[in-house]
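**Q** Attaching a single structure in structure tokens format; questions to follow.
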Amino acid sequence: MKRRDFIQQATAATALITVGGYGLQSFATTANTKKITILHTNDVHSHIDAFGPEDGRNANKGGVARRATLIENIRKENPNTLLLDAGDIFQGTPYFNYYGGELEFKLMSRLKYDLATIGNHDFDNGIDGLYAQLPHANFGFVSANYDFKNTVMDTHVKPYQVFKKEGLKIGVFGLGIQLDGLVDKSMYKETDYLDPIETAQEMTRILKKDEQCDLIICLSHLGYNYKKNPDKISDLNLAKNTKDIDLIIGGHTHTFLPKPTVAQNIDGKNVLVNQVGCYGINLGKIDFYFESDNTKKAEGTSIIV
Amino acid sequence: MNLRPLLFLLAIMSLASCKQETFSLTKIEGKQIPITDSIAIDKGIDSIIKPFRESVNKDMNAILSYAPETYSKNDGDLNTAIGNLMADAVLTQSDPIFNKRTGHNIDMVLLNHGGIRSIISKGNVTTRTAFQIMPFENSIVVVALKGQQIDSLTDYLSKSKRPHPISGLQLTLDKNYAITEALLNNEPIQKDKTYYVATNDYLYNGGDRMRFFKTNDSLYVLDYKIRNAMIDYFKSVDTIKPVIDNRFIQTK
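Line order of the protein sequences matches chains A and B. Using full-length UniProt numbering, you'd call the opening residue of the first sequence number 1 and step up by one each time. Using full-length UniProt numbering, you'd call the opening residue of the second sequence number 1 and step up by one each time.
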């Protein structure tokens, strides 16, 4: 009889806490679990309007005004969301030829992008052309392996940025592709290219040890993988040769993946590698769930893709 | 009902959750969401785009030609219909200009596969089509190369194994990608002869690692954008008829 009383009272307490959760949502959600949503695009290439119905491949797909609605809905569902772009924002439609990237940056600012890295085509109007559009961007740029110190972009691009969401620290660093042979030197001028793997190792050390990040994301424009040139640095090679990166968001190769790739890092731990094709046809969405160490049941991280 | 034990339990639980806790990553869920016409447009965003769109569309919607099929740079092994069209158009459009200025003729054209930035969709070919396939501002240059440099060029093509658009050159590889035949104007390449190769300023400056252009006799800058050559070519033909042919092939 005594025992039954206790069970009844305990059940009542649980019910009450659940109900109370609605009024004190932030308190309730931080009690045991936290969810961080990462949204991402890459190689949008000035595709502001959706493809028309007559397009031979992507009919009726894409469009910034639709992406805006989708992102807004996801943000309502989870305010702890970051929106990232992996470069090649510029070049591909007459909007860029006519306005030089002004509209691209204005719209990304309106969509509340948090951060972007720099792709090779973002130099297409020269480094001065990129610099000229910066006043239209309300979001930051990261690139850890482009050294801009002898260019106009100096101080406008950080190696990494740390975001705080619900008490969790999310570190995002950027990596760019080798420009020599890909972009005319007169365009990128004195931009120095540093080794991506060495740079990534330094970044992860800083983000893990010094910044104490809970989540480390690499925003890369290196390319997913080069089948005919397998040793060329790519996202898959980066994953294999580094540690402590949780997610590599890629670009450059316009790779459409059936689902995000689960790769293994140098320590044998899982790294998620994703890329969502090009032209704003898709939005990548990666949800990270964190559990309190007091209540969490199992060791390790399950990945559902 | 006695609420005292219940309140006590609540107090304990709130104390527990308010103290500094550590969190670990336990689950990751990843997916891709297609942006389709089932998603409503954000009207505020669309109103920002509208004036830009109207201004651009005025120029872009001019109909220049007609495409009987959809052409993609991925259709074809070592040469593609769309790449052949672009290289041939550059030859057709720039040779008269080059001849008028120099008295010489262009022997061949080399562009890069990566420079074909879009498909040509079946239907009307418009100014927009030209901006889609060639959004870059690159211009045509003609480079005078000796036969030896042409050998470096064909060597590059055989090693890259990609359908870089060519015109005027006929290249045959064996199953190991070794060159078995290289003809210019249907004749074997002569080591000491000077050939006139049209390309764009990006490739001339070493783009796509085409380093062979820099050891040249002369450079002629035509001040003619690739895109404008395409627009002029489209205007000159009622219907485009690009095909995959045998200009760059591999015998198995």
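A virtual CB, placed ideally from N, CA and C, is assigned to each residue, including glycine.
Using DSSP bridges, identify the partner residues of A:G167.
**A** Bridge partners of A:G167: none, in fact.
**Q** Let me check understanding here. Comparing Cα to Cα, which of B:T251, B:D95, B:N74 lies closest to B:Y196?
**A** B:D95
**Q** Since A:I89 contacts A:D55 with CB under 8 Å, what's their CB separation in whole angstroms?
**A** Cβ-Cβ separation between A:I89 and A:D55: approximately 21 Å, too far for a contact (criterion under 8 Å).
**Q** Count the other C-beta atoms from every protein chain shown that fall within 10 angstroms of the C-beta of residue 335 of chain A, then say buried if there are 16 or more, exposed otherwise.
**A** Shown here, chain A extends from 1 to 305; a query on residue 335 of chain A therefore has no answer.
**Q** Quick one, which of A:T242, A:S292, A:I48 has its alpha-carbon nearest residue 312 of chain A's?
**A** The shown model of chain A, from 1 to 305, leaves out residue 312 of chain A, and the question about it has no answer.
**Q** A:K165: buried (16+ other C-beta within 10 angstroms of its C-beta) or exposed?
**A** buried
**Q** Thinking just about the alpha-carbon of each residue, which of A:L272, A:E198, A:C218, A:P230 is nearest to the one in A:L84?
**A** A:C218
**Q** In terms of alpha-carbon separation, which member of B:N105, B:I82, B:D151, B:L78 lies closest to B:L91?
**A** B:N105
**Q** Using a Cβ cut-off of 8 Å (strictly closer), state whether A:Q25 contacts chain B.
**A** Only weak support is given to the placement of A:Q25: the predicted model assigns it a pLDDT of 39, under 50, and the value that follows is read from those uncertain coordinates. So, not an interface residue.
**Q** If we cut at 8 Å on Cβ distances, does A:T204 have a partner in chain B?
**A** no
**Q** Identify each residue in the region 56–69 of chain A for which the Cβ-Cβ distance to at least one residue of chain B is less than 8 Å, and report them in chain order.
**A** G56, R57, N60, K61, G62, G63, V64, A65, R66, R67, A68, T69
**Q** Is it the case that the Cβ atoms of A:L82 and A:Y95 are separated by a distance below 8 Å?
**A** Pairing A:L82 with A:Y95 gives a Cβ-Cβ distance that is not under 8 Å.
**Q** Ends of the beta strand (DSSP E) at B:V141?
**A** Start and end: 139–146.
**Q** Comparing the C-beta of B:K235 with each C-beta of chain A, is any distance below 8 Å?
**A** no
**Q** Could you tell me which uninterrupted beta strand (DSSP E) segments, each at least 3 residues in length, are contained entirely in the region 72–110 of chain B, listed from first to last along the chain?
**A** 108–110
**Q** So does the region 200–217 of chain A actually touch the region 119–135 of chain A, counting three or more Cβ pairs closer than 8 Å?
**A** no
**Q** So B:N216 contacts chain A; which residues on that side make the cut at Cβ distance below 7 Å?
**A** Those do not exist, as B:N216 stays about 17 Å from chain A at its closest Cβ, beyond 7 Å.
**Q** Quick one: grab the DSSP three-state call for B:I33.
**A** In the three-state reduction of the DSSP assignment, B:I33 falls in the strand class.
**Q** My understanding is that A:L247 touches A:I233, with C-beta atoms under 8 Å, so please give their C-beta distance in whole angstroms.
**A** About 18 Å separates the two Cβ atoms, so there is no contact after all.
**Q** Write down every uninterrupted run of the alpha helix (DSSP H) in the region 122–164 of chain A whose length is 4 residues or greater and which is fully enclosed by it, in chain order.
**A** The alpha helix (DSSP H) runs of length 4 or more contained entirely in the region 122–164 of chain A are, from start to end of the chain, 126–133.
**Q** Anything in chain A within Cβ reach of B:I189, meaning under 7 Å, just list it in chain order.
**A** Against B:I189, chain A offers no close residue; the least beta-carbon distance is about 25 Å (beta-carbon pairs closer than 7 Å).
**Q** Quick check: the Cα distance between B:I49 and B:R247, rounded to an integer number of angstroms?
**A** 44 Å
**Q** Does the contact criterion of 3 or more C-beta pairs under 8 Å hold for the region 68–87 of chain B versus the region 239–246 of chain B?
**A** yes
**Q** In whole angstroms, give me the CA-to-CA distance for B:D201 and A:L134.
**A** 27 Å
**Q** Let me make sure I understand the geometry here. Which of B:I45, B:R162, B:N185 has the alpha-carbon closest to that of B:G76?
**A** B:R162
**Q** Please confirm whether B:L153 has its beta-carbon closer than 8 Å to some beta-carbon of chain A.
**A** Chain A, which has no Cβ nearer than 8 Å to the Cβ of B:L153, makes this no.
**Q** Residues of chain A with CB under 7 Å from B:I133, in chain order?
**A** Residues of chain A passing the Cβ test: none, with the nearest at roughly 11 Å.
**Q** Please compile the residues from chain A whose C-beta is within a distance smaller than 9 Å of the C-beta of B:V56.
**A** T93, P94, Y95, N97, Y98, Y99
**Q** Nearest chain B C-beta to A:T301 closer than 8 Å, yes or no?
**A** yes
**Q** Tell me the rounded alpha-carbon separation between B:I97 and B:L184.
**A** 21 Å
**Q** How big is the Cα-Cα spacing for residue 254 of chain B and B:R117?
**A** No statement about residue 254 of chain B is possible, as the shown extent of chain B runs from 1 to 252 and does not include it.
**Q** Suppose the cutoff is 7 Å on Cβ atoms and the five residues either side in sequence are ignored; what does the same chain contact list for A:A144 look like?
**A** P159, Y160, F173, G174, L175, T199, M203
**Q** Near residue 340 of chain A, what residues of its chain come up, given a Cβ to Cβ distance below 6 Å and the 5 sequence neighbours on each side ignored?
**A** Here chain A covers residues 1 to 305 and nothing more, so residue 340 of chain A does not appear.
**Q** Terminal residues of the continuous alpha helix (DSSP H) containing A:V44?
**A** Premise fails: A:V44 is in no alpha helix (DSSP H) and is neither H nor E.
**Q** Please tell me whether A:D128 has its Cβ less than 8 Å away from any Cβ of chain B.
**A** no
**Q** What are the boundary residues of the beta strand (DSSP E) that includes residue 253 of chain B?
**A** This structure cannot settle anything about residue 253 of chain B, because the visible part of chain B is limited to 1 through 252.
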